[in-house]
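Undergrad: The following block contains the structure, expressed as structure tokens.
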Amino acid sequence: MQEALVEAPVKSRPRPAASPEATAKKATPATLSEHIVEIVSDSGEGAQRCGQTFGAIASQMGLGVWTVEIIPAEIRPPARSVAGGSGNRIRLGSKRITNGGNETDLVIAFNEQVLLGRVRTGELKPGCTILLESMWREHKDPKIVESYTETYDQLAKAGYKVVEIPMERQCKTILADSRRGKNMFALGILCSIYSFDLKLAREQIAITFGKKNASVIETNVRLLHAGYDWAENNLEFKYCIPATRSTEPQIVVNGNTALALGVLASGMEICAMYPITPATSVSHYLSSVFEKVGGIVHQAEDEIAACTFAIGASYAGKCAVTVTSGPGYSLKQEGIGLAVMGEIPLVVINVQRGGPSTGQPTKVEQGDLLTSVFGSHGDAPKVVIAPATIEDCFYSVITARKIAEAFNMVVVILSDASLGTSQQPFPRPQFREDWLAPPIDQSEVPPSAKPYDWNPKTGLARRFIPGQSGGMHTLTGLAHDKLSHVAYDPESNESGLRMRSLKLAALQQTLKPAPVFGDPKGDLLVIGWGSTKGAIEEAVDNLRAEGHKVSSVHLTFLQPLAPGLKELMQKFKKVICIEGNWSDDPKQDIVNEDNRRFSALAMMLRSRYLVDVDCWSEVRGQPIKPNTIQRVLLEKLKQK
Amino acid sequence: MTIHATECLLRMYDQHYELEDYQSGVPRWCTGCGDNAILAAVQRLCRDEDLRPEKTVFVSGIGCSSRFPHYMKTYGFHGIHGRALPVAEGIKMSRPDLNVFVNTGDGDCCSIGAAHWIHAIRYNMNMTVMLHDNQIYGLTKMQASPTSPRGLKSNTTPRGAYLEGLNPLTVTLGVQNVSFVAQAVDWIPEVLYDIIRAAYHHKGFSFVRILQRCPEWLPKMLDPWVHDPLKINLVHHENGVKLSPGISKVYRTQEKHDPSDIHSAREIASVLDPIPVGILYHNPDVPCYEDLRDAGQQRSARYIKAGFEAELDKFTVWPEGAQPKTQPSA
């Protein structure tokens, strides 16, 4: 049965397609400053590989690029299903691109059902260009033909510029199983549309299929050319996005690979993990390379074991890391509390996904901030930092390892599914020896030294590591005194809590104020953290260009908070947090001042600074779009 | 403080320790608690083997038995309930040079930490694990444990435990990669010591279940076995526990068993009465996970840099005209 389509979106927003029309074949390219293109197929048809390769060629050419994976939750969802679309979304631009942007300008779809999935979630720009595989029109199953033609007609009626492409028919002239080759044909089409350099495309295909034999590469190159030629001869439009090739070497990886590279560069030696989406690819990559530099990835029997294994490794040697996502992060809480209590350095990477419970494993959310700051029972102070870009993902691990070891604390890195799977080029890091952990201390401990010889001012104490003679003591998760003896007396308990808490204050004293994007005073200050940075700044930039006095500040340190925030907030008439976690809509009937639940960071800022911080948040499982933020900020500006 | 290398070596090889070098504080266990016997045997082992206190770590979870590390003058890690094994594994992976011991109870190991127990057997990391099995939760005041016998009345089973107790020996012997399984009882200290010593000398995951009396909650439960030596089946072999004339005289129920025979080990393990005491299984050839993973390697900064740069090369977009560097050899 045919499901109802979305209502025609053009009525409400009568905006023409971004593509300037051209009339003749062998079109001359229209120059664009940026474009968003996506490619979707059934899982297994290779749209992701096509998109990644396309993104890589664009990076090679010097275009600004941000790629976002379109991932179904299942490995092999049923073919031709609305929810099963798999692929990639690539935002290209002449300038540096900092986020996935707004709606899509051009899409290649391998069937009409996966396309509908994109239409219904509002991902396509009204009236955008759709290149649709036409084989379904001649399918032997009349129901499929009906579904296809009906969808085609409705989309065309709704104002989309639908172009049918005979991918199947064309590919069959090159290889028998066209299902395995359409993606490179599609790549050829895209290379033609965006006037890409075919030489670079061929080179990239050779890299992509480098592990396979030469005939595989050759077939794929033939498919590329076939797609390119078909588009040159049949399409009536062509674009060119001027590129400036960087003068510095750039790295093109996604956030999860960047995190893994960070682990490599931080000198940590042990990563303990348990498979969980969307964090696992950190460990996949790390597993393949870590041993080359003397590291070990241990796949533990569960999340709790992964955490406590890392704690054991840290306790006896260099700081270790455990990598997880939402549900796994919940399971680690008791272990994290132990590390806090024992003052064992530990880095915990949480690539956030939608929650609660199993939630949305492949989708983005920023729902774990409060759990990270306040998680584990009792008072368990830990450091929480959030990378905001792919580059940050890399450097945050090095920072986290250093803080963990300098303060003997747990440092939580809050990435998310969006950063984890997005690619954005950044300058190739220059390796520094001081990134690495120093050799573990095995020197003799002076006779008078105590295992928790807290500095009463900072709470800091030197940690004794097994192997150090004279340092023998039993670390315990029970309340303890300076000698690490179990101590239930009121004084010892309070002083332990005080010392562990003071370390956060000590760290906070070393932080610099977060840089302001825009003027340091004005009408509206936007505060964000994590993966929303690019979208927030783009929205702020656009509003500033329109003359609005809007600025933003993006927090890397969430616990402790950087200094200067209160003073900054006071220089603006209004303050709003934009986040990807739940908050009540104040316009709802039964929501009022007493029961309104604020987004996570807004709640933290309100309670700390007594400033009336408002919030707006979205939990749609997709990166928040700059134009959505822009609309929200405009509304906020207009509010009395 | 500076020490000359030669002096260092002399110290290393010439260091002898006394019992007091391993004793820390006065144990707070109840009088008559089997934990005291285990502590005495372990301190004796450390002395006899001259284990360097700073190179020795006792890891425990939560429960009466898990107080064990506090009474050793070595490094100790008294962690959280059920997680002693993964902590110990992390320590061993990070520092294979350390002697690692684990003291865990029947609740800690066989209930809340059961998943870790199964997998620890598989990992077969070189550590000595003592399961202090008193068949009851002591610290939380008398609740049935997974090894409590059926019918045992406790605060959570006032009408008697509904289920058969879990047999830690047969469970352990059923897991792939098992390499050392033994059973001891707290009231035969000589054999207890011999078994723990053999466990220490086995390279791999040495699992020793120690039946111990809880004088507070189950004061009489093991009495029939304590008072009747014939209800103890001494399992002995030239490759296992060797019986002294004194022991041989008192404990007449004996069985010769080759610890390399896993089938016979499983049969012996499944008998609850008489209680088998001895080394049930020993296979020195199972590889240790830390060896398979090449743990404890020291890497120079240059080495790490080379590997790191080689990885970056894979992802680098070079500026026009710039030649990609050749892959540095690691």
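For the record, the sequence lines run as chains L and E.
Sequential numbering from 36 applies to the first sequence in my numbering.
Sequential numbering from 1052 applies to the second sequence in my numbering.
Glycine is no exception: its CB is placed at the ideal position from the N, C-alpha and C atoms.
According to the neighbour-count rule (16 or more other Cβ atoms, all chains shown, within 10 Å of its Cβ), is Gly152 of chain L buried or exposed?
TA: In the first sequence, the residue the question calls residue 152 of chain L occupies position 117. Per the 10 Å Cβ criterion, buried.
Undergrad: Rank E:Trp1080, E:Glu1371, E:Tyr1073 by C-alpha distance to the C-alpha of Ser1116 of chain E and give the top, closest one.
TA: Translated into the one-based positions of the second sequence, residue 1116 of chain E becomes position 65. Ranked by how close their Cα comes to the Cα of Ser1116 of chain E, the residues E:Trp1080, E:Glu1371, E:Tyr1073 have E:Trp1080 in first place.
Undergrad: Give, in chain order, every unbroken run of the beta strand (DSSP E) that is at least 3 residues long and sits entirely within the region 502–584 of chain L.
TA: 509–511, 557–564
Undergrad: Give me the Cα-Cα distance between Cys206 of chain L and Gly216 of chain L, rounded to the nearest whole angstrom.
TA: Within the first sequence, the letter at position 171 stands for residue 206 of chain L. Within the first sequence, the letter at position 181 stands for residue 216 of chain L. Those two C-alpha atoms are separated by around 7 angstroms.
Undergrad: Which partner residues of Cys306 of chain L appear in the DSSP bridge assignment?
TA: Taking the first sequence and counting its residues from 1, one reaches residue 306 of chain L at position 271. DSSP lists L:Val332, L:Val356 as partners of Cys306 of chain L.
Undergrad: Given a threshold of 16 other Cβ atoms within 10 Å of its Cβ, counted over all protein chains shown, does Lys568 of chain L qualify as buried or as exposed?
TA: For the purposes of this step, residue 568 of chain L is identified with residue 533 of the first sequence, where counting begins at 1. Classification for Lys568 of chain L: buried.
Undergrad: Sorry if obvious, but does the Cβ on Gly1202 of chain E come closer than 7 angstroms to a heavy atom of the ligand PLP?
TA: Looking for the ligand PLP in the displayed structure turns up nothing, as the structure carries no ligands at all.
Undergrad: Let me know the secondary structure DSSP gives Phe25 of chain L once reduced to three states.
TA: Any question about residue 25 of chain L goes unanswered here, given that chain L covers just 36 to 675.
Undergrad: Asn1150 of chain E by DSSP, collapsed to three states: which one?
TA: Start at 1 with the first residue of the second sequence, and residue 1150 of chain E comes out as number 99. Residue state, collapsed to three classes: strand.
Undergrad: Taking Cβ positions, are Glu614 of chain L and Ser586 of chain L nearer each other than 8 angstroms?
TA: For the purposes of this step, residue 614 of chain L is identified with residue 579 of the first sequence, where counting begins at 1. For the purposes of this step, residue 586 of chain L is identified with residue 551 of the first sequence, where counting begins at 1. No, Cβ-Cβ distance for Glu614 of chain L and Ser586 of chain L is not below 8 angstroms.
Undergrad: Phe344 of chain L CB to nearest chain E CB: under 8 angstroms?
TA: Reading the first sequence from its first residue, position 309 is the one you call residue 344 of chain L. With 8 angstroms as the cut-off, Phe344 of chain L counts as an interface residue toward chain E.
Undergrad: How far does the alpha helix (DSSP H) with Thr456 of chain L in it reach, from first residue to last?
TA: Position 421 of the first sequence, counting from 1, holds the residue named residue 456 of chain L. Segment 452–456, the alpha helix (DSSP H) holding Thr456 of chain L.
Undergrad: How about Cys1160 of chain E: is its C-beta nearer than 8 angstroms to some C-beta of chain L?
TA: Counting from 1 along the second sequence, the entry for residue 1160 of chain E is found at position 109. Judged by the 8 angstroms Cβ criterion, Cys1160 of chain E is not in contact with chain L.
Undergrad: Using DSSP with H/G/I as helix, E/B as strand and the rest coil, what is Tyr229 of chain L?
TA: As a first step, residue 229 of chain L is located in the first sequence; it is residue number 194 there, counting from the start. DSSP places Tyr229 of chain L in coil when its eight states are reduced to three.
Undergrad: For Phe1231 of chain E, report the span of its beta strand (DSSP E) as first-last.
TA: Indexing the second sequence from 1 puts residue 1231 of chain E at position 180. Element bounds for Phe1231 of chain E: 1231–1236.
Undergrad: Using a C-beta to C-beta distance shorter than 7 angstroms, which residues of chain E count as neighbours of Ser360 of chain L?
TA: If you number the first sequence from 1, residue 360 of chain L lands on position 325. Ordered by position in chain E, no residue passes the 7 angstroms Cβ test against Ser360 of chain L, which lies about 19 angstroms from the chain.
Undergrad: Is there a Cβ of chain L sitting closer than 8 angstroms to that of Ala1346 of chain E, yes or no?
TA: Translated into positions along the second sequence, residue 1346 of chain E becomes position 295. Yes, because at least one Cβ of chain L sits closer than 8 angstroms to the Cβ of Ala1346 of chain E.
Undergrad: Could you check the C-alpha separation between Leu669 of chain L and Gly1372 of chain E for me, to the nearest Å?
TA: Sequence index remark: in the first sequence, residue 669 of chain L carries index 634 (1-based). Sequence index remark: in the second sequence, residue 1372 of chain E carries index 321 (1-based). When rounded, the distance between both Cα atoms is 46 angstroms.
Undergrad: Runs of 4 residues minimum, wholly inside the region 192–277 of chain L: which ones carry the alpha helix (DSSP H) assignment?
TA: Within the region 192–277 of chain L, the complete alpha helix (DSSP H) runs of at least 4 residues are 202–207, 217–228, 233–243, 249–269.
Undergrad: Please report the straight-line C-alpha distance between Ser1199 of chain E and Asn1185 of chain E, rounded to a whole angstrom.
TA: Here the question's residue 1199 of chain E lines up with position 148 in the second sequence. Here the question's residue 1185 of chain E lines up with position 134 in the second sequence. Cα to Cα, Ser1199 of chain E sits roughly 8 angstroms from Asn1185 of chain E.
Undergrad: Name, in chain order, the residues that DSSP records as bridge partners for Asn1284 of chain E.
TA: On the second sequence, residue 1284 of chain E is found 233 positions in, with the first residue counted as 1. Note: Asn1284 of chain E sits in a beta bridge opposite E:Pro1327.
Undergrad: Got a sec? Which residues, its chain only, sit under 8 angstroms from Thr1125 of chain E by beta carbon, not counting five neighbours each side?
TA: If you number the second sequence from 1, residue 1125 of chain E lands on position 74. Only Tyr1073, Cys1097, Leu1102, Pro1104, Glu1105, Thr1107, Val1108, Phe1109 meet the Cβ criterion.
Undergrad: Are any of the Cβ atoms in chain L nearer than 8 angstroms to that of Phe1172 of chain E?
TA: Stepping through the second sequence from its first residue, residue 1172 of chain E is reached at position 121. Per the sequence shown, residue 1172 of chain E should be read as Ile rather than Phe. Output row for Ile1172 of chain E: interface = no.
Undergrad: Please name the residue in L:Glu378, L:Ile384, L:Ala314 whose C-alpha comes closest to that of Met444 of chain L.
TA: By one-based count along the first sequence, residue 444 of chain L stands at place 409. That would be L:Glu378, whose Cα lies nearest to the Cα of Met444 of chain L.
Undergrad: If you count every other CB in all the chains shown that lies within 10 Å of the CB of Glu1069 of chain E, and 16 or more means buried, which is it?
TA: Walking along the second sequence from the start, residue 1069 of chain E turns up at place 18. Exposed, because fewer than 16 other Cβ atoms sit within 10 Å of the Cβ of Glu1069 of chain E.
Undergrad: Of all the CB atoms in chain E, is at least one closer than 8 angstroms to the CB of Thr58 of chain L?
TA: Stepping through the first sequence from its first residue, residue 58 of chain L is reached at position 23. Any answer about Thr58 of chain L is weak, because its pLDDT of 41 lies below 50 and its placement is not dependable; what the coordinates show is given next. No, Thr58 of chain L lies away from the interface with chain E (no Cβ there is under 8 angstroms from its Cβ).
Undergrad: If you follow the alpha helix (DSSP H) that Ile346 of chain L is in, where does it begin and where does it stop?
TA: Against the first sequence, residue 346 of chain L aligns to sequence position 311. From DSSP, the alpha helix (DSSP H) with Ile346 of chain L extends over 338–351.
Undergrad: Which residues in chain E have a C-beta closer than 8 angstroms to the C-beta of Ile106 of chain L? List them in chain order.
TA: Reading the first sequence from its first residue, position 71 is the one you call residue 106 of chain L. Correct list: empty, because the minimum Cβ distance to chain E is about 21 angstroms.
Undergrad: Would you say the region 1123–1140 of chain E touches the region 1162–1170 of chain E, given that touching needs at least three Cβ pairs under 8 angstroms?
TA: yes
Undergrad: Using a Cβ-Cβ cutoff of less than 7 angstroms, which residues in the same chain neighbour Ile1131 of chain E once the five nearest sequence positions on both sides are dropped?
TA: Counted from its first residue, the second sequence places residue 1131 of chain E at position 80. These residues qualify, in order along the chain: Gly1112, Ile1113.
Undergrad: For chain L, is any of its Cβ atoms less than 8 angstroms away from the one on Pro1078 of chain E?
TA: Indexing the second sequence from 1 puts residue 1078 of chain E at position 27. Using a CB distance cut-off of 8 angstroms, Pro1078 of chain E does not count as an interface residue toward chain L.
Undergrad: Against chain E, with Cβ distances strictly below 8 angstroms, would Val41 of chain L count as a contact?
TA: Stepping through the first sequence from its first residue, residue 41 of chain L is reached at position 6. Because the pLDDT of Val41 of chain L is 46, which lies under 50, any placement of that residue in the model is unreliable, and the question is left without a value.
Undergrad: Pick out the complete beta strand (DSSP E) segments inside the region 1099–1178 of chain E, 3 residues or longer, and give them in chain order.
TA: 1107–1111, 1126–1129, 1150–1156
Undergrad: Just grab the DSSP bridge partners of Arg1344 of chain E for me.
TA: Position 293 of the second sequence holds residue 1344 of chain E. Partner(s): none; Arg1344 of chain E has no beta bridge.
Undergrad: Is it true that the region 189–208 of chain L meets the region 256–265 of chain L, where meeting means three or more beta-carbon pairs spaced less than 8 angstroms apart?
TA: yes
Undergrad: Do Ser411 of chain L and Glu369 of chain L have their C-beta atoms closer together than 8 angstroms?
TA: Reading the first sequence from its first residue, position 376 is the one you call residue 411 of chain L. Reading the first sequence from its first residue, position 334 is the one you call residue 369 of chain L. Here Ser411 of chain L is near Glu369 of chain L, since their CB atoms are less than 8 angstroms apart.
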